[in-house]
Structure formats: structure tokens, C-alpha cells
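Participant:
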Amino acid sequence: MSVLQVTSYGDVSCLKFSQETLDLPLADDEAKVKVLVVSVNPIDTKIRQGTNFAAKTRGNRLPWVIGYDMAGEIIALPRDYQGDFKIGDKVCGMVGFPLEAGAYTSVGNFKLADLVKIPENCTIKQAGALPIAGLTAYQALFEVGKLQRDETVVISAAAGGVGHIAVQLAKDAGARVLAIASKVNHPFLRKLGADEVADYANDECLRWQSEADLVIDLVGGQSAISNLSLLNINSRMVSVPTMSYQAVKLAATNLSSEVLGMVVKPNLKELQNLLEKIAQKKLYVHISESFYLKDGAKAHTIIEDGHTVGKIILLPNGIVRE
Ligand SMILES: NC(=O)c1ccc[n+]([C@@H]2O[C@H](COP(=O)([O-])OP(=O)(O)OC[C@H]3O[C@@H](n4cnc5c(N)ncnc54)[C@H](OP(=O)(O)O)[C@@H]3O)[C@@H](O)[C@H]2O)c1
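First residue of the sequence shown? That's 519 in this note's numbering, and the numbers climb one at a time after it.
1) Beta carbon of Asn-578: closer than 7 Å to some heavy atom of ligand 1?
2) Please classify Gln-537: does DSSP put it in a helix, a strand, or coil?
3) Alpha carbon to alpha carbon, what distance is there between Asn-627 and Leu-542?
4) Who pairs with Glu-776 in a beta bridge, going by DSSP?
5) From Ala-730 to Ile-805, what does the alpha carbon distance come to, in whole angstroms?
6) Enumerate in chain order the residues of its own chain whose CB-to-CB distance from Ser-700 is below 8 Å, with the five nearest sequence positions on each side excluded.
7) In terms of DSSP beta bridges, what is Ile-810 paired with?
8) Just to confirm the assignment, what range does the alpha helix (DSSP H) spanning Ile-793 have?
9) Taking Val-685 and Leu-710 to be in contact with their CB atoms under 8 Å, please state how far apart those CB atoms are, rounded to whole angstroms.
10) For Gln-727, which residues does DSSP report across the bridge?
11) Hey, would you say Val-777 sits closer than 8 Å to Gly-738, going by beta carbons?
12) At a cut-off of 7 Å, would you count His-825 as near ligand 1, judging by its Cβ distance to the nearest heavy atom?
13) Should the segment 612-621 be called in touch with the segment 562-582, which here means at least 3 C-beta pairs below 8 Å?
14) Could you check the C-alpha separation between Gln-600 and Val-715 for me, to the nearest Å?
15) Just to confirm my understanding: we take Leu-789, look at its own chain, exclude 5 residues before and 5 after, and list those with CB closer than 8 Å. What are they?
16) Tell me whether Val-702 is buried or exposed, calling it buried when 16 or more other Cβ atoms sit within 10 Å of its Cβ.
17) Under the assumption that Glu-822 contacts Thr-569 (Cβ atoms under 8 Å), give the Cβ distance between them as a whole number of angstroms.
18) Quick test of the definition: if touching needs 3 or more C-beta pairs under 8 Å, does the segment 534-554 touch the segment 584-604?
19) What is the rounded straight-line gap between the Cα of Gly-620 and the Cα of Trp-726?
20) I'd like to confirm something about Ile-743: is its beta-carbon nearer than 7 Å to some heavy atom of ligand 1, or not?
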């Protein structure tokens, strides 16, 4: 069994790959899973740096096998288990959120309550890449942002992990979708259903001033503050990056519109519905790069560069065909 662990907080050299011989016994509420796909999220890099709330809360309880998104195959269940899962089931989940994590492993014990079965027509790669990005997109648009049919939604960082899923979900819900991304990603976003696209480099999106009923801000900071001008009266922005949320909210103090923050929550029903959408070809999770688990540091470097298209995955048991 191999793991990629944070051994101290800092740059990518703090991620250490190792072979572990310790095979922990299963608790009554766990399944042992051979992990085939892990997706890398910006929160993983912030944990590794020691800057986010999970790292600050966990403190020096290191080393830490991080990672929240995984898909794989159940290889063992508790001795007296009588539930719906069986050995051989393909499952995925947003696991151990926020203080345990544990997805960066080739084999792991995961809470049964964090797992869902992957439907027949959904590939294991799409399922493993989905959980945090998919749930964030869904919750930002519909639970926090309350997007309605025929409303206009602006999505920033639209080509990234959360953004490219949000574009598709918003379009599928009957909204007019305006997507912000660098020019090179405009054809990708049009293919996913964006009605209009604008480059953030030269203020192109100012042509949408006062048009948005909802802005999904996936960049935060000054970008979010500039995009407040896109809001119609009495409309709303969901500012997803937690680190700058308070500053963005403060900048909107004298506006009629509201700035809302959020922290993604695990939700099995929502995850199941998103997997069904993939199976029905109504949702596509784009995977731009894959790495072996031992090369996870390369994935962190790309994510930190801030221009990921879709998702990056790790393959803890080697190449996965589907
Ligand atoms: N609150 C929560 O619970 C929660 C949950 C999930 C994610 N998040 C946060 O939400 C943010 C997005 O997550 P993600 O997974 O989608 O990240 P991601 O995949 O790393 O996003 C990368 C995208 O950001 C775009 N981008 C970079 N700078 C930009 C700018 N100034 N304006 C517009 N787009 C820009 C890039 O577009 P180009 O390549 O076109 O430049 C790229 O496509 C991150 O900050 C993440 O930490 C928060």
C-alpha cells in the first residue's frame, strides 16, 4: 500500500510518498477501498501550506494523508455488515471532510456514510474527479445562490474545476450563462453551453455591467470586488473562496445586492444526482491531466499556478482505462 502524506506544512517538498505496511483493521462503520482515482483540489494545496482552517485545527498531528475526493473498488466490509454495499462495488465520495481526509492512498478505510455507488454508465475517472467540484458548483448555484430558470448567471474562473461544472449545471437549469475565462478557454466553455464568454485580462466582462441576477465568484479578492459591478439591483454574489469572502462582503456594503459565502458540505443525495447526470451524458467532468500518486507534487504545482482547466487526478494504482 502506498500513501502521499503531508509531513510538515510548506511547499511541495512537504508531500512525501511512502510504502506503508500497516493495514489498519476495519471499524464497523467503514469499508476498505482500493483507490483508483483521486482528484486534487485547491484546498489540498492550502492544507499542505498549513494556511486553511483544517490544517490550523489539526495542527501538528502529522504526517497526514490528505485528499478528499476519491473513487475505487470495495475490497472488504465489516464482518457483520448488512447494508447495501458489497465487495467489488465501485464507489466514490467526498471522504473525511474536513479534519480526516485520507484519499491520497492506494488502499484506505473510509466511512461507509461518505460513499455512494457509481452508476453503470459513469466512468470511475469522472466519478473520482467529481465530488468537491461538483458539490461546490451545485450548492453555490442552487442552495446558496438560489438560481432560477431564465435568470442570468455570471461564472468567474469558468474553465476551472468548479467553474466548468457550474456552467453545465446552470445551463441545464435554464439560466443564461455568462462565463469569464482567458481567451484560450473560450471554445471549451462554449462547447459546455456558455451563452457568452469574456476574457478577464482586458475587462471584457464590463459589457455585462448590471446584467447578473447571480455571480458565482470563484477567484475572490480584487476580481470579485470588480465583478460586483456586474450585479443587477437586488441580486446576489456567491463568493466561494473563503479567504477573501469578508473583504468582498465589506466592499458590497452600500450595494442593494448581497454577497454570500459558503463552505461545501458532503451530501450523498446531491452527489448521487450529479453522478446520474454524468451517466445520462448531461454533465461532463473534464480531466486535463493525470499523475501517479508519487507525482502528486506536480499536480499541486499546477493547481497553485491557478490555470487548471477542469480537473487534475492522481492514479494510486496505476493507469485506469475508463
Ligand atoms: N468555499 C468552499 O467550500 C470551496 C470549495 C471548492 C473550491 N473553493 C475555492 O474556489 C476556487 C475555485 O476552485 P477550483 O477548484 O475551480 O479552482 P481551479 O480549478 O484551480 O481554478 C482554476 C481556474 O481559475 C481561473 N482563473 C485564475 N485567475 C483568474 C482570474 N483572475 N479571473 C478569472 N479566472 C481566473 C483559471 O482560468 P484561466 O486558465 O482561463 O486563466 C482556471 O481555469 C478556489 O479558490 C478554491 O479554493 C472553495
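Glycine included, every Cβ here is placed at the ideal spot set by N, Cα and C. These numbers were taken from a predicted model, which means no experiment stands behind them.
Facilitator: From the atom records:
1) One-based indexing of the sequence shown puts residue 578 at position 60. It does not: the Cβ of Asn-578 is nowhere closer than 7 Å to a heavy atom of ligand 1.
2) Taking the sequence shown and counting its residues from 1, one reaches residue 537 at position 19. Of the three classes helix, strand and coil, the one that applies to Gln-537 here is strand, per DSSP.
3) The sequence position of residue 542 within the sequence shown is 24, counting from 1. The sequence position of residue 627 within the sequence shown is 109, counting from 1. Leu-542 and Asn-627: Cα-Cα distance of roughly 8 Å.
4) Working through the sequence shown from its first residue, we reach residue 776 at position 258. Arg-754.
5) Reading the sequence shown from its first residue, position 212 is the one you call residue 730. Reading the sequence shown from its first residue, position 287 is the one you call residue 805. Spanning the two alpha carbons is a distance of roughly 29 Å.
6) Counted from its first residue, the sequence shown places residue 700 at position 182. Answer for Ser-700: Ala-677, Asp-717, Tyr-718, Ala-719, His-825, listed in chain order.
7) Taking the sequence shown and counting its residues from 1, the one referred to as residue 810 is at position 292. For the record, residue 810 in the displayed sequence is Tyr; it is not Ile. Per DSSP, Leu-833.
8) Indexing the sequence shown from 1 puts residue 793 at position 275. Rather than Ile, the amino acid found at residue 793 in this sequence is Leu. Run containing Leu-793: 786-797, per the alpha helix (DSSP H) assignment.
9) Numbered from 1 along the sequence shown, position 167 holds the residue referred to as residue 685. Numbered from 1 along the sequence shown, position 192 holds the residue referred to as residue 710. About 5 Å separates the two Cβ atoms, so the contact holds.
10) To locate residue 727, count along the sequence shown from 1; it is residue 209. DSSP, once it has assigned bridges, lists no residue as partnering Gln-727.
11) By one-based count along the sequence shown, residue 777 stands at place 259. By one-based count along the sequence shown, residue 738 stands at place 220. Contact: no.
12) For the purposes of this step, residue 825 is taken as residue 307 along the sequence shown, with counting starting at 1. Result yes, Cβ under 7 Å from ligand 1.
13) yes
14) Reading the sequence shown from its first residue, position 82 is the one you call residue 600. Reading the sequence shown from its first residue, position 197 is the one you call residue 715. Going by the C-alpha atoms only, they are around 50 Å apart.
15) The count along the sequence shown starts at 1 and reaches residue 789 at position 271. Here the set comprises Cys-610, Gly-611, Met-612, Val-634, Leu-648, Pro-649, Gly-652, Leu-653.
16) In the sequence shown, residue 702 corresponds to position 184, counting from 1. Exposed, since its Cβ has fewer than 16 Cβ neighbours within 10 Å.
17) Within the sequence shown, the letter at position 304 stands for residue 822. Within the sequence shown, the letter at position 51 stands for residue 569. No, Glu-822 and Thr-569 are not in contact; Cβ-Cβ is about 12 Å, not under 8 Å.
18) yes
19) Residue 620 sits at position 102 when you count from the first residue of the sequence shown. Residue 726 sits at position 208 when you count from the first residue of the sequence shown. Cα to Cα, the separation comes out at about 42 Å.
20) Here residue 743 refers to the residue found at position 225 of the sequence shown. Checking the Cβ of Ile-743 against ligand 1 gives no.
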